[in-house]
Amino acid sequence: MTKDLETKFLSELDKHQNIIHKVCRTYTNNDAAHKDLFQEITIQLWSAYPKFRGESKFSTWMYRVSFNTAISLYRKNKRNIETTPLLENKIDLEFSEYNDKQDRQLDLLYKAIHSLNDIEKALALMYLEDKSYEEIALTLGITEINARVKMNRTKTKLKNILNP
Amino acid sequence: MNQLKNMKELWRQQETETLKFSKDELQGMMRQRSSSVVKWILIISILEFILPNIFFLFTDFEASREFNEKYGLTNMVNIYLGIHLVIILVFVYLFFRNYRNISADTSVKMLMQHIISTRKTVKYYIYYNLTIAAIIGFHMFYEVFNSKAFLTTLPEKTNIALVWVISSVLFVLVLFVLWCIYKLVFGYFLKKLTRNYQELEHAG
Numbered sequence: 005m006t007k008d009l010e011t012k013f014l015s016e017l018d019k020h021q022n023i024i025h026k027v028c029r030t031y032t033n034n035d036a037a038h039k040d041l042f043q044e045i046t047i048q049l050w051s052a053y054p055k056f057r058g059e060s061k062f063s064t065w066m067y068r069v070s071f072n073t074a075i076s077l078y079r080k081n082k083r084n085i086e087t088t089p090l091l092e093n094k095i096d097l098e099f100s101e102y103n104d105k106q107d108r109q110l111d112l113l114y115k116a117i118h119s120l121n122d123i124e125k126a127l128a129l130m131y132l133e134d135k136s137y138e139e140i141a142l143t144l145g146i147t148e149i150n151a152r153v154k155m156n157r158t159k160t161k162l163k164n165i166l167n168p
Numbered sequence: 022m023n024q025l026k027n028m029k030e031l032w033r034q035q036e037t038e039t040l041k042f043s044k045d046e047l048q049g050m051m052r053q054r055s056s057s058v059v060k061w062i063l064i065i066s067i068l069e070f071i072l073p074n075i076f077f078l079f080t081d082f083e084a085s086r087e088f089n090e091k092y093g094l095t096n097m098v099n100i101y102l103g104i105h106l107v108i109i110l111v112f113v114y115l116f117f118r119n120y121r122n123i124s125a126d127t128s129v130k131m132l133m134q135h136i137i138s139t140r141k142t143v144k145y146y147i148y149y150n151l152t153i154a155a156i157i158g159f160h161m162f163y164e165v166f167n168s169k170a171f172l173t174t175l176p177e178k179t180n181i182a183l184v185w186v187i188s189s190v191l192f193v194l195v196l197f198v199l200w201c202i203y204k205l206v207f208g209y210f211l212k213k214l215t216r217n218y219q220e221l222e223h224a225g
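So the sequences go chain by chain: H and G.
Sequence positions in the first sequence follow this note's numbering and run 5 to 168.
Sequence positions in the second sequence follow this note's numbering and run 22 to 225.
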């Protein structure tokens, strides 16, 4: 029974692991911390998995546990270096070119997200993932109206960082 | 907001393949032990439950029994001890009830509320300890300073009011230092959490 549960969990985890990577990249700024947070999220997911009843999608549930771990449960290790916010370049996007430039732009986007506070980071990530306000409100535990207000503020802030 | 919409496109296209763990690696990770804040909260809280009472273990039982008998404190001390034990049990029960509610499976706000209320149980426990220490301390001062056994040991013309003032100031000072130490520990653990919680609470 436990073996079955483990196999099922592993295959779901494997299928959706990019979600955790995005959360990790949002909340940490180096590989060691990224891996550390990824591991803690995995542990938290596994320990909460027996209670997962499939009322929500696995990915939705995964978001909730991942944010909770990143925001409230994860204890930064000493080797984790503080985020270095600030962007100096104005970002100009051209999507016809799929090359290094795109990676650079993504880097700048992550750097911009790093200068937001923990709650705003979650909002920015859910915005980029195209989540509905209903889901955002449920994940954070606030009202939908409050989620909209906060989202607008976060978007404005993000835009200001990207265009200093 | 057009630029942000473009960002969405960029986000969708991001390569996540560069950082991908194999199933074996994932399995290894899920079997590790958690090093989350909650684990630390449990350890620190248990220490905080034990520490205020640990000095009892190092006291000379015979000497304190003699001291209590000499100044007629035996009954009073036993009553306080009984009440104290019952209250500790109530706090421990409340603590574990709150602690069990902590789950990564709830909303972000709910998890914060559960962590904060668990820590609050410990906070009230510490406040209770300081208060009961003050009550017992002053009660003991009162009994001792009014006992014949004590008064006869005092040099003549000793100002009893001065004895009261000095003892009280020193005693309150010790309690105040303990309170400050506790505030530091409490603040250290909940600083980030409280900040994030307030951020969620603010509507606009």
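Don't be surprised by glycine CBs; every beta carbon is placed ideally from N, CA and C.
Note that the structure is predicted; figures quoted are calculated from it, not measured.
F159 of chain G versus K80 of chain H - alpha carbon distance: 44 Å
Can you list, in chain order, the residues of its chain with a C-beta nearer than 6 Å to that of K159 of chain H? Leave out the 5 residues immediately preceding and following it. none
Reference V143 of chain G; option with closest CA among G:V184, G:F117 and G:A155: G:F117
Interfacial residues, the segment 137-148 of chain G to chain H, with Cβ spacing under 9 Å: Look at the segment 137-148 of chain G: it has no residue with a C-beta under 9 Å from a C-beta of chain H.
How many angstroms separate the CA atom of L94 of chain G from the CA atom of V184 of chain G? 19 Å
Starting from the N-terminal side, write out each stretch of the alpha helix (DSSP H) that is 4 residues or longer and does not extend beyond the segment 35-92 of chain G. Correct list: 44-51, 58-79 and 82-91.
Is the CB of W32 of chain G under 8 Å away from at least one CB in chain H? yes
Within 10 angstroms of the Cβ of L175 of chain G, are there 16 or more other Cβ atoms? Answer buried if so, exposed if not. exposed
Of all the residues that make up the segment 56-76 of chain H, which are near chain G by a beta-carbon distance shorter than 8 Å? For chain G, the residues of the segment 56-76 of chain H that bring a beta carbon within less than 8 Å of one of its beta carbons are F56, W65, R68, V69, F71, N72, T73, I75 and S76, in chain order.
Does DSSP put E98 of chain H in a helix, a strand or coil? Confidence at E98 of chain H is low in this model, with a pLDDT of 39, below 50, so the placement of that residue should be treated as unreliable; the coordinate-derived value is given next. Coil.
Own chain partners of A126 of chain H with C-beta closer than 6 Å, once the 5 adjacent residues on each side are dropped: F71
Taking the alpha helix (DSSP H) that D107 of chain H belongs to, which residues open and close that run? D104 to H118
Less than 8 Å between the CB atoms is what I'm expecting for Y218 of chain G and I137 of chain G, so what's the real figure, rounded? Indeed, because the Cβ distance is near 7 Å, the residues count as touching under 8 Å.
Using a Cβ-Cβ cut-off of less than 7 Å, list which residues of the segment 190-221 of chain G approach chain H; keep chain order. L214, N217, E220 and L221
Supposed contact pair T73 of chain H and Q48 of chain H - C-beta distance, whole angstroms, cut 8 Å: 5 Å
L25 of chain G touches chain H at which residues, Cβ-Cβ below 9 Å? Y131, L132, K159, L162, K163 and L166
For the alpha helix (DSSP H) containing K139 of chain H, list its first residue and its last residue. According to the sequence as given, residue 139 of chain H is Glu; it is not Lys. For E139 of chain H, the enclosing alpha helix (DSSP H) covers residues Y137 to L144.
Could you name the residues of the segment 41-52 of chain H whose beta carbon sits closer than 8 Å to any beta carbon of chain G, in the order they occur along the chain? F42, Q43, E44, T46, I47, Q48, L49, W50, S51 and A52
Could you check what DSSP says for K178 of chain G in three-state terms: helix, strand or coil? In the three-state reduction of the DSSP assignment, K178 of chain G falls in the coil class, being assigned neither a helical nor a strand state.
Am I right that N141 of chain H and A125 of chain G are in contact with their C-beta atoms under 8 Å? What's the rounded C-beta distance? Correcting the residue identity first, residue 141 of chain H is Ala in this sequence and not Asn. With 8 Å as the limit, A141 of chain H and A125 of chain G do not qualify as a contact, their Cβ atoms being about 19 Å apart.
CB L31 of chain G to CB Q109 of chain H, shorter than 8 Å? In contact: L31 of chain G and Q109 of chain H (Cβ atoms closer than 8 Å).
Whole-angstrom distance between L132 of chain G and M161 of chain G, CA atom to CA atom: 43 Å
A125 of chain G, DSSP secondary structure in three states: Coil, per DSSP.
Looking at chain H, is there any beta carbon in it that lies within less than 8 Å of the beta carbon of A125 of chain G? yes
According to DSSP, is E222 of chain G part of a helix, a strand, or is it coil? helix
Through-space distance from M66 of chain H to Y78 of chain H, alpha-carbon basis: Cα atoms of Y78 of chain H and M66 of chain H: separation of roughly 15 Å, rounded to the nearest angstrom.
C-alpha gap between E148 of chain H and E138 of chain H, whole angstroms: 6 Å
How big is the Cα-Cα spacing for V129 of chain G and T143 of chain H? Approximately 6 Å between the Cα atoms of the pair.
Which of the three DSSP states is assigned to G58 of chain H in this structure? coil
Expected contact under 8 Å - CB spacing of N121 of chain H and E220 of chain G to nearest Å: 6 Å
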